[in-house]
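Colleague: Before we start, here is the structure in question, set down as structure tokens.
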Amino acid sequence: MSNRPIGEWSWDKTAQTLSVSPKAGEGLGHLLGAWTLSDIAKTMDGLSGARLQRSFSAPLDSVSCEITLADGRRLNLIGRASDHGAAGLIVAASEDVSGTEPGPALSPVYQPIFDVAGQRIVGFEALARWEGADLSSERLEDTALASNMLIRACNALSLWRDETGREDLFVQVNMTGQDLADQTLPDLVAAMVSGYGLDDGQLRLELTEQAALRNTDGAIAMARALKDAGARLVLDDFGSGHSSFLWLAKLPADSLKVDAALIAEIETMRVQTILRAISMLARNLGMGSVAEGVESRDMLSVLADLGFDHVQGYALGRPMPAREALKLLT
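Sequential numbering of the sequence shown, starting at 1, is according to the working numbering.
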């Protein structure tokens with residue numbers, strides 16, 4: 001079972017009650033109603049009850065709390081604070097059917113994305129990292145990595161937006177071919193956009209043609225569904241692999257992200273001609289352009305001259321935890 005919205009919740013900070021409204025047919029009718037935290041905690045395992053208490057006892061800006069019910073079902077409560085408390089959605093977390101011991105804890109990091117003209121950070125790319133591990137965890141990828149990254153990234157974006165007051169910030173999350181085959185993904189994206197009160201363009205999904213090769217038509221249909229759900233789409237790794245114009249014509253993408261391998265050759269006039277053509281193509285299609293892999297600040301003036309809108313790379317900022325990203329913003 002993939003992450004999907006299965007109900008709504010609200011927190012009344014005056015009455016100190018949590019109201020739960022699960023969807024019919026989800027087997028959660030026993031949670032319907034208004035609860036004190038101590039009472040609803042009796043329906044969960046001990047750790048989840050304590051986690052819920054911590055989530056609603058601290059000053060709120062956003063909520064992202066995972067709980068496990070007494071029957072073993074795992075749920076996420078996500079949402080935002082309001083004048084009266086908080087409200088959001090109940091999302092069913094993926095069941096772990098691997099039968100293996102728990103792997104390393106997912107600990108996302110965020111790499112800054114700079115606006116070339118404004119010379120400031122306008123967004124971050126969310127990258128999966130695991131505590132005590134440098135490489136991707138195969139087990140986590142098999143258990144809805146994208147869904148977990150979406151929840152973490154939207155929570156981080158909500159933190160940055162609330163703390164800085166900047167409504168122009170966005171976050172980008174990578175999608176794999178496996179993700180594009182998950183028919184519940186548009187519902188989760190819609191839940192993130194609604195639950196966190198995201199504006200148009202604040203949640204962006206990076207797609208590659210290589211990820212869609214197993215089922216291109218299905219991937220195109222999924223891309224359209226994701227866009228209808230409220231996400232913007234970024235065509236990643238453009239300039240590497242196939243990068244066919246047919247894929248570009250069919251995909252309802254909002255931005256082109258040029259592969260770092262091409263940016264690395266920016267000193268050659270031939271590559272600069274290609275990059276200028278790509279940025280012009282993107283602009284004529286009503287799309288933005290991003291240069292990835294900027295390893296030197298000397299590249300910035302060249303990329304600006306070539307017409308790129310955004311840049312990211314180690315020269316401008318390495319991936320960092322959400323709290324460090326907030327410090328960078330402030």
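Quick reminder that beta carbons are idealized off the backbone N, C-alpha and C, glycines included.
Return helix, strand or coil for Asp305, following the three-state DSSP convention.
Modeller: Numbered from its first residue, the sequence shown carries residue 305 at position 305. Helix.
Colleague: Any idea what DSSP makes of Met192, helix, strand or coil?
Modeller: Locating residue 192 in the sequence shown gives position 192, counting from the first residue. Met192: helix per DSSP, three-state reduction.
Colleague: In three-state DSSP terms, what is Leu18?
Modeller: The residue labelled residue 18 in the question sits at position 18 within the sequence shown. In the structure shown, Leu18 sits in a strand (DSSP, three-state: E or B).
Colleague: Leaving out the 5 sequence neighbours to the left and right, which residues in its chain are closer than 8 Å to His84 when beta-carbon positions are compared?
Modeller: For the purposes of this step, residue 84 is taken as the residue at position 84 of the sequence shown. So the list reads Asp12, Lys13 and Thr14, once near-sequence residues are dropped.
Colleague: For Thr43, which residues in the same chain have their Cβ closer than 8 Å to its Cβ, ignoring the five residues on either side in sequence?
Modeller: Mapped onto the sequence shown, residue 43 falls at position 43. Taken in chain order, the residues that qualify are His30, Leu31, Leu69 and Ala70.
Colleague: Can you tell me whether Asn284 is buried or exposed? The criterion is at least 16 other CB atoms within 10 Å of its CB, across all chains shown.
Modeller: Translated into the one-based positions of the sequence shown, residue 284 becomes position 284. Asn284 comes out exposed.
Colleague: With a threshold of 16 other CB atoms inside 10 Å of the CB of Val97, please say whether the residue is buried or exposed.
Modeller: Mapped onto the sequence shown, residue 97 falls at position 97. Because the pLDDT of Val97 is 35, which lies under 50, any placement of that residue in the model is unreliable, and the number read from its coordinates should be weighed accordingly. Exposed, because fewer than 16 other Cβ atoms sit within 10 Å of the Cβ of Val97.
Colleague: So, is Leu303 buried or exposed, given that buried needs 16 or more other C-beta atoms within 10 angstroms?
Modeller: Along the sequence shown, read from residue 1 onward, the residue named residue 303 stands at position 303. Classification of Leu303: buried, given that the 10 Å Cβ count is 16 or more.
Colleague: From this set, Ile67, Gly27 and Ile121, which residue's C-alpha is nearest Lys327's C-alpha?
Modeller: As a first step, residue 327 is located in the sequence shown; it is residue number 327 there, counting from the start. Checking every option, the nearest Cα to that of Lys327 belongs to Ile121.
Colleague: Between which two residues does the alpha helix (DSSP H) containing Asn215 stretch?
Modeller: Position 215 of the sequence shown holds residue 215. Unbroken run through Asn215: none, as it is neither H nor E.
Colleague: Mapping the DSSP letters down to three states, classify Asp237 as helix, strand or coil.
Modeller: Residue numbering aside, residue 237 sits at position 237 when the sequence shown is read from its first letter. Residue state, collapsed to three classes: strand.
Colleague: Is the stretch 162-169 close to the stretch 189-197, with three or more CB pairs under 8 Å?
Modeller: Contact fails: fewer than three Cβ-Cβ distances are below 8 Å.
Colleague: Cα-Cα, which of Gly79, His310, Val171 and Ser240 is closest to Ser10?
Modeller: Along the sequence shown, read from residue 1 onward, the residue named residue 10 stands at position 10. The option with the nearest alpha carbon to Ser10 is Gly79.
Colleague: Does the distance from the C-beta atom of Ser244 to that of Glu209 stay below 8 Å?
Modeller: Along the sequence shown, read from residue 1 onward, the residue named residue 244 stands at position 244. Along the sequence shown, read from residue 1 onward, the residue named residue 209 stands at position 209. Yes, the pair counts as a contact, with Cβ atoms nearer than the cut-off.
Colleague: In terms of residue numbering, what span does the alpha helix (DSSP H) encompassing Val368 cover?
Modeller: Because the chain here runs from 1 to 330, residue 368 falls outside it and cannot be looked at.
Colleague: For the stretch 260-268 and the stretch 287-303, state whether three or more C-beta atom pairs, one from each stretch, are separated by less than 8 Å.
Modeller: Because the criterion of three Cβ pairs below 8 Å is met, the stretch 260-268 and the stretch 287-303 touch.
Colleague: Out of Ile151, Arg204 and Asp115, which one is the CA nearest neighbour of Leu307?
Modeller: Position 307 of the sequence shown holds residue 307. Residue identity check: residue 307 is Gly in the sequence provided, not Leu. Among Ile151, Arg204 and Asp115, the Cα nearest to that of Gly307 belongs to Asp115.
Colleague: Less than 8 Å between the CB atoms is what I'm expecting for Leu112 and Leu316, so what's the real figure, rounded?
Modeller: Taking the first residue of the sequence shown as 1, we reach residue 112 at position 112. Taking the first residue of the sequence shown as 1, we reach residue 316 at position 316. Looking at the sequence itself, residue 112 is Pro, so the reference to Leu does not match. Rounded, the Cβ-Cβ distance is 6 Å, consistent with contact.
Colleague: Check Ala221 in the structure and name its three-state DSSP category.
Modeller: On the sequence shown, position 221 is the one that residue 221 refers to. Of the three classes helix, strand and coil, the one that applies to Ala221 here is helix, per DSSP.
Colleague: Buried or exposed for Gln312, please, with buried defined as at least 16 other CB atoms from any protein chain shown within 10 angstroms of its CB.
Modeller: In the sequence shown, the residue the question calls residue 312 occupies position 312. Counting Cβ neighbours within 10 Å, Gln312 comes out buried, since at least 16 surround it.
Colleague: Go ahead and pull the three-state DSSP assignment for Asp199.
Modeller: Along the sequence shown, one-based indexing puts residue 199 at 199. DSSP places Asp199 in coil when its eight states are reduced to three.
Colleague: Distance check for Met222 and Pro319, CA to CA, integer angstroms please.
Modeller: One-based indexing of the sequence shown puts residue 319 at position 319. One-based indexing of the sequence shown puts residue 222 at position 222. Using only the alpha carbons, I get a separation of about 28 Å.
Colleague: Would Met280 be called buried (16 or more neighbouring beta carbons within 10 Å of its own) or exposed?
Modeller: Within the sequence shown, residue 280 is the residue found at index 280, counting from 1. Flag for Met280 reads exposed.
Colleague: Taking 7 Å as the limit between beta carbons, can you name the residues of its chain near Arg129, skipping five residues before and five after?
Modeller: As a position in the sequence shown, residue 129 is number 129, starting the count at 1. Excluding sequence neighbours, Arg129 sits near Ser107, Pro108 and Val109.
Colleague: Using the C-alpha atoms, what's the distance from Ile151 back to Met287?
Modeller: Start at 1 with the first residue of the sequence shown, and residue 287 comes out as number 287. Start at 1 with the first residue of the sequence shown, and residue 151 comes out as number 151. Met287 and Ile151: Cα-Cα distance of roughly 26 Å.
Colleague: When you compare only the Cα positions, how much space is there between Arg4 and Ala24?
Modeller: By 1-based counting over the sequence shown, the position of residue 4 is 4. By 1-based counting over the sequence shown, the position of residue 24 is 24. Roughly 14 Å separates the two Cα atoms.
Colleague: How would you write the range of the alpha helix (DSSP H) that Lys327 sits in, first residue to last?
Modeller: Counting from 1 along the sequence shown, the entry for residue 327 is found at position 327. Element bounds for Lys327: Ala322 to Leu329.
Colleague: For Asp45, collect the residues of the same chain with a Cβ closer than 7 Å to its Cβ; drop the 5 residues on either side in sequence, then sort them by chain order.
Modeller: Numbered from its first residue, the sequence shown carries residue 45 at position 45. The residues are Thr68 and Ala70.
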